[in-house]
Amino acid sequence: MAAVAAPVLLARASGARGQTESYPSRPITIIAPLAAGSAADSLIRDLAQQLSGLLGQPAMVVNRVGAGGNIGTTAIARSAPDGYTIGQVSQGNMVINTALYRDAGYDPIRDFAPIAVVAAMSNVMVVSRHSPFRSVREVVEAIRAKPSGMVTYSSSGVGTSMHVAGAMFARATGTELTHVPYTGAPAAMTAIISGDVDTGFFNIPAAKGLIAAGDLRPLAITTARRSASLPDLPTLEEAGLRDYDVSTWLGFVAPAGTPPAIIERIHGALDQILSRPALREKLTAQGFDLPPLRLGGPAEFSRLIQDDLAKWPAIMRAAGVKPE
441 MAAVAAPVLL
451 ARASGARGQT
461 ESYPSRPITI
471 IAPLAAGSAA
481 DSLIRDLAQQ
491 LSGLLGQPAM
501 VVNRVGAGGN
511 IGTTAIARSA
521 PDGYTIGQVS
531 QGNMVINTAL
541 YRDAGYDPIR
551 DFAPIAVVAA
561 MSNVMVVSRH
571 SPFRSVREVV
581 EAIRAKPSGM
591 VTYSSSGVGT
601 SMHVAGAMFA
611 RATGTELTHV
621 PYTGAPAAMT
631 AIISGDVDTG
641 FFNIPAAKGL
651 IAAGDLRPLA
661 ITTARRSASL
671 PDLPTLEEAG
681 LRDYDVSTWL
691 GFVAPAGTPP
701 AIIERIHGAL
711 DQILSRPALR
721 EKLTAQGFDL
731 PPLRLGGPAE
741 FSRLIQDDLA
751 KWPAIMRAAG
761 VKPE
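Position 209, counted from 1, in the sequence shown is what the working numbering calls 649; the numbers after and before it change by one each time, with no gaps.
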């Protein structure tokens with residue numbers, strides 16, 4: 441039996457090695473659990489286009505939205521671990537959803553092979569240009585003067601950094617806001633511009649164009665430090681909210697079990713792409729915070745996910761957000 445088994449195992453190993461060495465030999469699908477047309481979607485499509493050129497095979501972005509990103513993220517987890525389906529993830533679907541859903545449909549540690557974090561985004565608190573609010577203080581005063589829950593904030597969906605930012609704002613100010621989730625940031629910001637919703641806490645790349653056009657009025661940045669994209673805006677901590685710091689990261693993962701050599705191949709391609717000066721300049725101008733010229737590896741990404749899992753669910757529970 442051993443004499444028969446050894447050649448079989450050797451043949452299987454040789455076949456797997458051959459698959460890895462020839463990777464990619466066909467198109468790659470990138471599942472994005474976010475709305476088409478969003479700032480993060482634009483970033484992923486920019487990277488996909490560059491991946492196509494570098495790897496010599498099309499890298500196609502497929503948007504799978506719904507359930508706060510759970511539908512698309514579950515699809516990533518259940519895909520074949522062969523490198524031909526990878527996915528875009530963030531704190532929202534990998535971390536925050538563990539506090540928002542009793543069963544998201546996947547395990548952020550067990551079901552994925554991290555590849556790399558490719559960008560981060562600060563959030564900005566905005567109101568409509570027609571809003572009477574011109575400062576964070578005025579928003580807080582209005583919330584306290586009105587019946588509980590009368591002031592509303594929109595987001596691109598349950599479990600997003602926009603949702604978290606609003607929940608933390610309510611906790612930090614001792615007030616109550618009503619969360620109004622939309623499918624995607626464009627719809628959520630349109631609701632503010634039209635006056636259907638009072639405020640929101642959006643990723644800078646998503647809001648920057650509308651701020652520049654004068655449709656949205658920025659009030660403060662949600663991170664501990666001011667943003668290079670909007671340097672004149674105070675932070676919410678400067679506006680009086682202690683220990684307030686919300687941002688989000690974006691990264692790529694593959695299904696668990698994807699060969700390490702394929703993970704390294706994709707990581708190496710992303711590392712090369714994100715070192716290109718023209719692309720870095722473009723993304724920075726859009727409001728993205730990029731990693732250093734040397735992209736962090738899968739092990740670093742894995743530690744980031746684990747660290748955030750130890751941090752954010754507890755913050756969400758303390759802010760009064762209950763699982764659905």
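Note that beta-carbon positions come from the ideal geometry of N, C-alpha and C, so glycine has one too.
Residue of the options minimising C-alpha distance to residue i
i, options, result
"M534", "G606, I484, R611, A750", "A750"
"V636", "G597, P671, F642, T592", "First, the residue type needs correcting, since residue 636 is Asp and not Val in the sequence shown. Of the listed residues, the one whose Cα sits closest to D636 is T592."
"S391", "I633, V579, E616, A475", "There is simply no residue 391 to check, as the chain begins at 441 and stops at 764 in what is shown."
"A627", "P464, G654, S478, I468", "S478"
"A517", "A631, T639, M608, V693", "V693"
"A701", "S669, G737, L723, R720", "G737"
"D655", "T675, A631, F609", "A631"
"E704", "D551, A556, I755", "A556"
"L735", "I706, E578, A718", "I706"
Reduced DSSP category for residue i - H, G, I as helix; E, B as strand; rest coil
i, result
"P763", "coil"
"D729", "strand"
"I470", "strand"
"P674", "coil"
"Q490", "helix"
"A453", "A caution first: A453 carries a pLDDT of 47, below 50, which makes its placement in the model unreliable, though a value can still be read off. Three-state result, A453: helix."
"A560", "strand"
"S601", "helix"
"S530", "strand"
"P498", "coil"
"P626", "helix"
"P587", "coil"
"D683", "coil"
"G614", "coil"
"G708", "helix"
Bridge-paired residues (DSSP) for residue i
i, result
"R657", "V567"
"Y593", "H619, T639"
"S503", "According to the sequence provided, residue 503 is Asn. The question's Ser does not apply to it. A472, per the DSSP bridge assignment."
"F552", "P695"
"T525", "T469"
"T688", "M561"
Neighbourhood of residue i by C-beta distance below 7 Å, restricted to the same chain and skipping five residues each side
i, result
"I484", "I470, A472, V501, Q528"
"P732", "none"
"V598", "G508, L540, P621"
"Q531", "S601, T688, W689, D748, W752"
"A664", "T675, E677, D685"
Own chain partners of residue i with C-beta closer than 8 Å, once the 5 adjacent residues on each side are dropped
i, result
"R757", "A539"
"L673", "V564, P658, L659, A660, I661, R666, S667"
"A559", "L483, W689, L690, L723, F728, D729, L730, P731"
"D481", "A472, L474, A475, V501, N503"
"P467", "Q497, P498, A499, M500, Y524"
Same chain, Cβ closer than 6 Å to residue i, neighbours up to 5 away in sequence not counted
i, result
"I526", "I470, F692, A694"
Residue i: CB within 7 Å of a non-hydrogen atom of the ligand NAP
i, result
"L714", "Summarising the ligand content, the structure contains no ligands, and the ligand NAP is consequently not present."
Query raised in the report: Does the count of Cβ pairs from the segment 598-605 and the segment 674-690 closer than 8 Å reach three?
Result: yes
Report task. Determine, using beta-carbon pairs with one atom in the segment 499-519 and one in the segment 567-574, whether at least three such pairs fall under 8 Å. Result -> no
Query raised in the report: Can at least three beta-carbon pairs, one atom from the segment 705-722 and one from the segment 481-497, be found at a separation below 8 Å?
Result: yes
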